[in-house]
Amino acid sequence: MSNNDNIDRRRFLAGGAAAATAACLSDTAAAQTSDYVIDAPQAVSMEVVGTDRRFPVRRVYCLGRNYRAHAIESGDDPDVNPPFFFIKPRDAVIDYRDGFPYPPMTEALRYEGELVVALKSGGSNIDPADALEHVYGYGVGLDMTRQDLQQVAQSLSRPWAISKSFDKSAPCGPLHPVETHGHAVSGRIWLSVNGVVRQDSDLDFQRWSVPEGISILSQYYELTAGDIIMTGTPENIGLVTKGDVMNIGIDGLGEIEVRVT
Ligand code: MN
21 MSNNDNIDRR
31 RFLAGGAAAA
41 TAACLSDTAA
51 AQTSDYVIDA
61 PQAVSMEVVG
71 TDRRFPVRRV
81 YCLGRNYRAH
91 AIESGDDPDV
101 NPPFFFIKPR
111 DAVIDYRDGF
121 PYPPMTEALR
131 YEGELVVALK
141 SGGSNIDPAD
151 ALEHVYGYGV
161 GLDMTRQDLQ
171 QVAQSLSRPW
181 AISKSFDKSA
191 PCGPLHPVET
201 HGHAVSGRIW
211 LSVNGVVRQD
221 SDLDFQRWSV
231 PEGISILSQY
241 YELTAGDIIM
251 TGTPENIGLV
261 TKGDVMNIGI
271 DGLGEIEVRV
281 T
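Structure follows, in structure tokens:
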């Protein structure tokens, strides 16, 4: 590239920035974002039952193989290996009503129905006896998984991030505040596809209970208000495809319907 090309390129970029600024200043929200050199990413939040106010999401932690029978069907030995954690990006959380778009680059899309725990406070090294004090509420969610990419990653001993942490991979229902609904620590959890029940278990079968999960997670990360934890799926995971309708429910937390679009 010649010097002249460089100068032209700089002029072009400067012109583009000026146009963007002009567009921005015409926006009534410009004052709120003027501290940033680009538009700020959109906040992510979840619906809360009984109020128009929403729960802002900071991080999405997930528990893997937190039900014994699911650990076994995944080829793990629950007598030897404990559950474990992974993370999804916060904007993986979407409203269940929006539908779940079949993700690109996969030919095997798996459902995992899960209990979602939302924190109103946090800390490090939280005692299990104190853990529930940090819970704001509970909801129903899906940990959607690109199963084919996960299997490739596992067979090559590579990280499985793209199989779990992809766009919109966590459709969730509304949160039920502890204040009005109490703690969801036991009860039936189920998932059906096109009206046929596929997963049918109970929160009692979680290997790490909610307080245990919070406590152990807080040994690795400093938890804060806005963190949510997807607490793992029971056995009988399976695949869905475009057009399928999933219904996921937990006793006391209602049922959500998510269509694969
Ligand atoms: Mn899961």
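Position in the sequence shown (from 1) plus 20 gives the number in the working numbering. For each residue, glycine too, the CB sits at the ideal point set by N, CA and C.
Option in Ser185, Gly133 and Leu223 with minimal Cα separation from His203:
Leu223
What is the rounded straight-line gap between the Cα of Gly252 and the Cα of Ser229?
11 Å
| Which of the three DSSP states, helix, strand or coil, is assigned to Pro194? | coil
request  = Note down, in chain order, each residue of its chain lying with its Cβ closer than 7 Å to the Cβ of Lys303, except the 5 sequence neighbours on either side.
outcome  = It is not possible to answer for residue 303, since the shown part of the chain is limited to 21 through 281.
Am I right that Val77 and Arg117 are in contact with their C-beta atoms under 8 Å? What's the rounded C-beta distance?
In fact, because the Cβ distance is near 17 Å, the residues do not count as touching under 8 Å.
| query | Does the Cβ of Gly252 lie closer than 7 Å to at least one heavy atom of the ligand MN? | reply | yes
Straight-line Cα distance separating Gly207 from Gly272: 8 Å
Check: Who pairs with Trp210 in a beta bridge, going by DSSP?
Finding: Asp220 and Gly269
- Query: Is it the case that the Cβ atoms of Gln167 and Ala128 are separated by a distance below 8 Å?
  - Reply: yes
**Prompt:** Would the beta-carbon of Gly143 fall within 8 Å of that of Leu259?
**Reply:** no
When you compare each of Phe225, Ser221 and Ile107 to Ile248 by their alpha carbons, which one comes out closest?
Ile107
Item checked: Contact set for Thr281: own chain, Cβ-Cβ below 6 Å, skip 5 residues either direction -> Gly119 and Pro121
TODO: Leaving aside the five residues before and after Pro179 along the sequence, list all residues of the same chain whose C-beta is less than 7 Å from its C-beta, in chain order.
DONE: Ala173
field: Close-in-space but distant-in-sequence residues of the same chain around Ala151 (CB under 6 Å, 5 per side omitted)
entry: Pro231, Ile234 and Ser235
Discussion item. Could you check whether the Cβ of Arg85 sits closer than 8 Å to any Cβ belonging to chain C?
Written reply: Here there is only one protein chain, and chain C is not present.
Practice task
Quick one: residues in its chain with C-beta nearer than 6 Å to the C-beta of His196, no 5 flanking neighbours on either side, listed in chain order?
Solution key: Val69, Gly157, Tyr158 and Leu273
Just list the alpha helix (DSSP H) runs in the region 132-211, keeping only unbroken ones of 4 residues or longer that don't cross its boundaries, in chain order. 148-151, 167-175, 181-184 and 198-201
Taking only heavy atoms of the ligand MN into account, decide whether any of them is closer than 7 Å to the Cβ of Gly84.
yes
Host beta strand (DSSP E) of Leu83 (start-end)
Val80 to Gly84
Report task. Assuming Val155 and Val136 form a contact by the criterion Cβ under 8 Å, report the distance between their Cβ atoms to the nearest whole angstrom. Result -> The pair is not a contact, with the Cβ atoms about 11 Å apart (cut-off 8 Å).
Review point. Quick one: what's got a C-beta closer than 7 Å to Asn145's C-beta in the same chain, skipping five residues either side?
Key: Ser238 and Gln239
Go ahead and label Glu153 buried or exposed: buried means 16 or more other beta carbons lie within 10 angstroms of its beta carbon, across all protein chains shown.
-> exposed
inquiry  = Please report the distance separating the alpha-carbon of Val265 from that of Lys140.
reply    = 32 Å
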